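Novice: Mind looking over this structure? Questions follow.
Numbering (the working numbering), first residue to last: 60 to 279.
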C-alpha cells in the first residue's frame, strides 16, 4: 500500500507542490515581517528551569514526529495527521487541533509573533489541503506542518535574536508589576489587536461592496 501511495504521489509531483506552497508562503510572510515591527514582539514566557525547558522541547519533538513521521525511514511520511488527512474535513479539523497543542507548548517559551504567525500559516495550509479531493490528501501527507514548526522552533530557540530574545531563552521576566517588559505583548492585548483587525477588515469589505453597488446603479 505504501508503495502504491508513493508512486501516485511522485506521479502527481506532490512533494514538489507541497514544498512550493511552503516556500511561497514563507516569502510573503518575510515581506510582511520586514514591513511591520509589530511582529517582533514576543509572547509572555512561562518561568521554567533549564531542565523543564529541555523536557518541553522533547515533548514538542515527540508530538511533531507522532503527527507527521510516526514510522521513521518510511518511503512516504506517515503519522497520525497523515491518516486523519484522508478523512474529509473532520480528519483535518482533528489534526489541526492536535497541531495547535504543539504550537501552544511553543508559545510558553515566549516566542516572537513572527514565529507564531509562521506556525499558524503552516497548520492552516495543511488543513486547507484536506478540502481538495484525492490530491489534497497526498499534499497533506507531504506538507509536514508539525515538523516544519518544530524545525522553526529549534532554529529560534538555538539562536534567539536580540537582547530580549536572550532573556526569554533564560526564562527571565521583569520584576515590575506595572506591565510586560519592553517588546513583550500580553495575550489580552494580542486578542484585542486581532479583534480590531477583523473589525477593520469587515468594515473595509462592507465599504467596498457598497461602492460597487453604487457604481452599478449609476447611469452610463
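A virtual CB, placed ideally from N, CA and C, is assigned to each residue, including glycine. Remember, predicted model here, so these are calculated numbers, not experimental data.
#1: What is the residue span of the alpha helix (DSSP H) that residue 118 lies within?
#2: Go through its chain and collect everything with a Cβ distance to residue 118's Cβ below 7 Å, but skip five positions before and after it.
#3: Among 105, 189, 122, which one has its Cα closest to the Cα of residue 280?
#4: Can you grab the Cα-Cα spacing for the pair residue 173 / residue 145, in whole Å?
#5: Starting from residue 46 and walking both ways along the alpha helix (DSSP H), at which residues does that stretch end?
#6: Counting along the chain, where does the alpha helix (DSSP H) carrying residue 197 start and finish?
#7: Spatial neighbours of residue 162 within its chain, please: C-beta separation below 8 Å, excluding the five flanking residues on both sides.
#8: Give the range of the alpha helix (DSSP H) segment to which residue 151 is assigned.
#9: Does the beta-carbon distance from residue 147 to residue 203 come in below 8 Å?
#10: Note down, in chain order, each residue of its chain lying with its Cβ closer than 8 Å to the Cβ of residue 184, except the 5 sequence neighbours on either side.
#11: Give me the residue from 206, 218, 255 with the minimum Cα distance to residue 129.
#12: From which residue to which residue does the alpha helix (DSSP H) around residue 210 run?
Specialist: According to the structure data:
#1: Here the question's residue 118 lines up with position 59 in the chain shown. First-last of the alpha helix (DSSP H) with residue 118: 109-127.
#2: As a working mapping, residue 118 is identified with position 59 in the chain shown. Cβ within range, chain order: 164.
#3: Shown here, the chain extends from 60 to 279; a query on residue 280 therefore has no answer.
#4: Here residue 173 refers to the residue found at position 114 when the chain shown is read from its first residue. Here residue 145 refers to the residue found at position 86 when the chain shown is read from its first residue. If you take the alpha carbons of residue 173 and residue 145, they lie about 30 Å apart.
#5: What is shown of the chain runs 60 to 279, which leaves residue 46 out entirely.
#6: As a first step, residue 197 is located in the chain shown; it is residue number 138 there, counting from the start. From DSSP, the alpha helix (DSSP H) with residue 197 extends over 194-201.
#7: For the purposes of this step, residue 162 is identified with residue 103 of the chain shown, where counting begins at 1. Around residue 162: 175, 178, 179, 182, 208.
#8: For the purposes of this step, residue 151 is taken as the residue at position 92 of the chain shown. It spans 149-166 - the alpha helix (DSSP H) in which residue 151 sits, taken as one unbroken run.
#9: Taking the first residue of the chain shown as position 1, residue 147 is located at position 88. Taking the first residue of the chain shown as position 1, residue 203 is located at position 144. Against a cut-off of 8 Å, the Cβ pair of residue 203 and residue 147 comes out as no contact.
#10: The residue you call residue 184 lines up with position 125 of the chain shown. Closer than 8 Å at the Cβ level, and outside the excluded window around residue 184, lie 80, 81, 84, 202, 204.
#11: The count along the chain shown starts at 1 and reaches residue 129 at position 70. Cα-wise, what sits closest to residue 129 is 206.
#12: If you number the chain shown from 1, residue 210 lands on position 151. Its alpha helix (DSSP H) spans residues 204-217.
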